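Sequential numbering from 7 applies to the sequence shown in the working numbering.
All C-beta atoms, glycine included, are put in the ideal place defined by N, C-alpha and C.
Because the structure is a prediction, the values reported are computed rather than measured.
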Amino acid sequence: MTSDTQTIHNLIIIGSGPAGLTAAVYASRAFIKPLIIEGDKPGGQLMNTTLVENWPGNKSITGPELMMLKRDHAEHFGATFIAGSVASVNFSERPFKITTTKNRHFFTHSVIIATGASPNILHCKGESDYWGKGLSTCAICDGAFYPDKEVVIVGGGDTAMEQALFMSRYTQKITIVHIQSKFTASPIMQQRVLEKPFIKVIYLSTVTAIEGDGTAVKKVTITHQETNKVSELPTNVVFLAIGQKPNTSPFQGQLELDKYGYIVLKNKTNASVPGVFVAGDVADYRYKQAIVSAGSGCMAALDAQSYLEKEGLL
């Protein structure tokens, strides 16, 4: 057991994706000297992305390169990073106590939670092999790479409909695979998709294998849920639109969460406990874009700075 009882940090940032690293840059430049607990996936979801072409100022940059630049930026101004994930927190006493999975204890006057969300996956053959090589969860991010290509979208909710409609700008070779007998999306979203005759729908089915040549997706195996009939469908890209889960398990019972597990915000970036701030996908179930997460990281850092100043801690 390691206890950092001699030090009470002004700010601890939990998470090192676009939100956490942007918060680290702003907090470091304000001389707050934040400590960043990286999480079990340092860099966040962009570490699984090949090219990012919607980050302002970079025409094209790989996800890992972008995240390393952001980390270097934060370190340049004095941010400190430690490896590991948060196991539990105690926000009922001050200073706040944070315990990592390595049983290290840290104390802080304020916290920014930027733990993000994890996409739901299929757990099928080939999924891990082709992540970022034609398998994605974001058509808005990656769709422009597939003009006039074969596209498979897995899901039947609003996100799946949005992805299909977005991809219809680039191609008319779109197939939606949905595990149920009808879509769960809102009626208006269903209508917009079903009105496009070139969008094909395969109901009561799921993708059970993703195959390719080692560098790119080439086809998927589709299994019918009732008959177990197996078929193959050529495709260049698979977009998963089966939801995501916010990474909030350490905060249950400590903060107000909504019914889906997202942290409830009070006045922009404030959580239900004063001194705890939130940024990124851990509270954002709508936009789910790196630039939006980065913006909220900036907001959370500024709000944390204001809080620390009002409390006389800076």
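Rounded straight-line distance, which links the Cα of residue j to that of residue i
i    : j    : result
S66  : M53  : 15 Å
M167 : P280 : 38 Å
A33  : G84  : 9 Å
V284 : A120 : 6 Å
I208 : E133 : 20 Å
S98  : Y176 : 51 Å
G218 : T275 : 43 Å
G161 : G301 : 29 Å
E59  : G69  : 10 Å
E315 : A36  : 11 Å
E238 : G90  : 41 Å
Candidates the options, of which the one nearest residue i by Cα
i    : options                : result
K225 : F245, N273, D309, T275 : F245
Q258 : A277, A150, I182       : A277
S116 : E81, N16, E44, T181    : N16
A93  : N253, V282, I182       : N253
M173 : K272, L314, N242       : N242
S22  : E232, V288, R198       : V288
T229 : E81, Y266, L210        : L210
V298 : A25, S142, A36         : A25
Whole-Å CB distance - residue i paired with residue j, under 8 Å assumed
i    : j    : result
K179 : K155 : 7 Å
I248 : Y136 : At roughly 16 Å, the Cβ-Cβ gap does not stay under 8 Å, so I248 and Y136 are not in contact.
Burial state of residue i (16 or more Cβ within 10 Å)
i    : result
E44  : buried
Q169 : buried
H184 : buried
D309 : buried
S312 : exposed
T221 : exposed
Y152 : buried
task = Kindly provide the ranges of any alpha helix (DSSP H) runs that are 4 or more residues long and lie completely inside the stretch 168-224, ordered along the chain.
result = Within the stretch 168-224, the complete alpha helix (DSSP H) segments of 4 residues or longer fall at 193-200, listed in chain order.
inquiry  = Which complete alpha helix (DSSP H) runs does the stretch 14-63 hold, if anything under 4 residues is left out?
reply    = Segments of the alpha helix (DSSP H) lying fully in the stretch 14-63: 24-35.
request  = Would you mind listing the beta strand (DSSP E) stretches within the stretch 264-302 that are 3+ residues and don't spill past its ends, in chain order?
outcome  = Those beta strand (DSSP E) runs which fall completely within the stretch 264-302 and span 3+ residues are 282-284.
Complete runs of the alpha helix (DSSP H) confined to the stretch 60-108 [at least 4 residues] = Annotation: the stretch 60-108 contains the following complete segments of the alpha helix (DSSP H) (minimum length 4 residues), in chain order: 69-82.
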